[in-house]
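Below: the structure, in structure tokens.
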Amino acid sequence: MNPAWKLNQLLGLFLESPCPLCQRSQAQALCVSCQRQIQRYRCSSADAWQLGSLSVFAWGGYSGALKRAIAALKYEGNPHLAEILGTWMAESWRSVNPSTNGVVVPIPMHPSKKRQRGFNQAELLAQHFCHITQLPIAVNGLKRDRATEAQFKLSSAEREHNLAEAFSVGKPFLQKPPSRPVWLLDDIYTTGATASSAAQTLRQHGIRVQGIIVLARTEAGMKSGKCEEAF
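In this text, residue positions in the sequence shown follow our numbering: the first is 39, and each later residue adds one.
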């Protein structure tokens, strides 16, 4: 477990800790000012768009305060930020898709990377998302068999090669495939290569995949949809 994560958790039990984005003293995960700044980057239209046969739902655009919050969550020992971010994702999701017909599968990390970070941010977001939406979660529905390079620095062709055979179906789904359609969940959407690779792996085993839910999508991901600053 990441030592910075453990320290932040302990301090939060006894003290008002500084906001991870602006360092102001506050009793919440994020100060009110930073919450407002992040909300500026939520999608003005919460409608899903299509990536081939996959529906894609993004809460916001990967820029500004939202981009900073994701970095603070992933790289600066602030996994508690997943609660408020996952809750926001769930609230937007319920406003356009109140159905509870589905099972959520967070995009897995390679075990070595998860040990190094101490957590999988997609898994944490999914837990809080499912707490609000009441959708079931299958944390081990997918496995990451091969460590891969960061996708953001690769070309489209390199992304596909990077993710080749990176995933496999988890033991719970091999033993009993889900009767409900799967919704993948991740923190960032760039070109859809990760979602497509994960979906293909599940579909090869006869598992229905409806789409992917993400916290933020990058500028490249915005080209095909309606995500923009809300104000």
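Ideal placement from N, C-alpha and C gives every residue a C-beta, glycine not left out.
Task: Nearest neighbour of L68, chosen from Q248, I122 and S93 [CA to CA] - done: If we check each option's Cα against that of L68, I122 comes out closest.
TODO: To the nearest angstrom, report how far apart D85 and N135 are at their CA atoms.
DONE: At D85 the pLDDT is 47, less than 50, meaning the model places this residue with poor confidence and gives no usable figure here.
Task: Range of the contiguous alpha helix (DSSP H) that encloses L123 - done: Where L123 is concerned, the enclosing alpha helix (DSSP H) stretches over L119 to V134.
Task: The beta strand (DSSP E) enclosing Y227, as first and last residue numbers - done: If you look at Y227, you'll find it in the beta strand (DSSP E) that goes V220 to Y227.
Task: beta strand (DSSP E) segment containing L163, residue limits - done: Per DSSP, L163 belongs to no beta strand (DSSP E); it is in the alpha helix (DSSP H), Q159 to T171.
TODO: Just the C-alpha distance for R78 and E257, rounded to the nearest angstrom, thanks.
DONE: Looking at the two C-alpha atoms, the distance is approximately 16 Å.
TODO: Quick one: measure Cβ to Cβ for Y227 and V70, integer angstroms, because I've assumed they're closer than 8 Å.
DONE: Rounded, the Cβ-Cβ distance is 28 Å, inconsistent with contact.
Open item on the list: My output table needs one value for L253: the three-state DSSP class, helix, strand or coil.
Closed with: In the structure shown, L253 sits in a strand (DSSP, three-state: E or B).
TODO: In angstroms with no decimal places, state the Cα-to-Cα distance between V252 and L180.
DONE: Whole-angstrom Cα-Cα distance: 17 Å.
TODO: Return the CA-CA distance between I250 and R74, expressed in angstroms with no decimal places.
DONE: If I take the Cα positions, the gap works out to 26 Å.
Open item on the list: By the three-class DSSP mapping on this structure, what secondary structure does P58 have?
Closed with: Three-state DSSP puts P58 in coil, outside helix and strand.
TODO: Decide if the region 95-113 is in contact with the region 224-243; the criterion is three or more beta carbon pairs, one per stretch, under 8 Å apart.
DONE: Contact between the region 95-113 and the region 224-243 is present, because at least three Cβ pairs lie under 8 Å.
TODO: With distances taken Cα to Cα, identify the nearest neighbour of V142 among H148, D224 and P117.
DONE: Sorting H148, D224 and P117 by C-alpha distance to the C-alpha of V142 places D224 at the top.
Open item on the list: Considering only their Cβ atoms, is the gap separating G140 from P219 smaller than 7 Å?
Closed with: Taking 7 Å as the Cβ cut-off, P219 and G140 qualify as a contacting pair.
TODO: Could you spell out where the beta strand (DSSP E) holding R184 opens and where it closes?
DONE: Note, R184: premise wrong, no beta strand (DSSP E); not H, not E.
TODO: Report the rounded CA-to-CA distance for S55 versus S63, giving the unit in angstroms.
DONE: Rounded to the nearest angstrom, the gap between the Cα atoms of S55 and S63 is 6 Å.
Open item on the list: Strictly by DSSP, which residues pair up with I175?
Closed with: Answer by DSSP bridge pairing, in chain order: V142.
- [ ] Would you identify the three-state DSSP class for R80, choosing helix, strand or coil?
- [x] In the structure shown, R80 sits in a strand (DSSP, three-state: E or B).
Open item on the list: Need the endpoints of the beta strand (DSSP E) that G98 sits in, please.
Closed with: Looking at the DSSP string, the run of the beta strand (DSSP E) that includes G98 is L92 to G99.
Open item on the list: Is it buried or exposed, T239, if we count other Cβ atoms within 10 angstroms and call 16 or more buried?
Closed with: Buried: at least 16 other Cβ atoms inside 10 Å.
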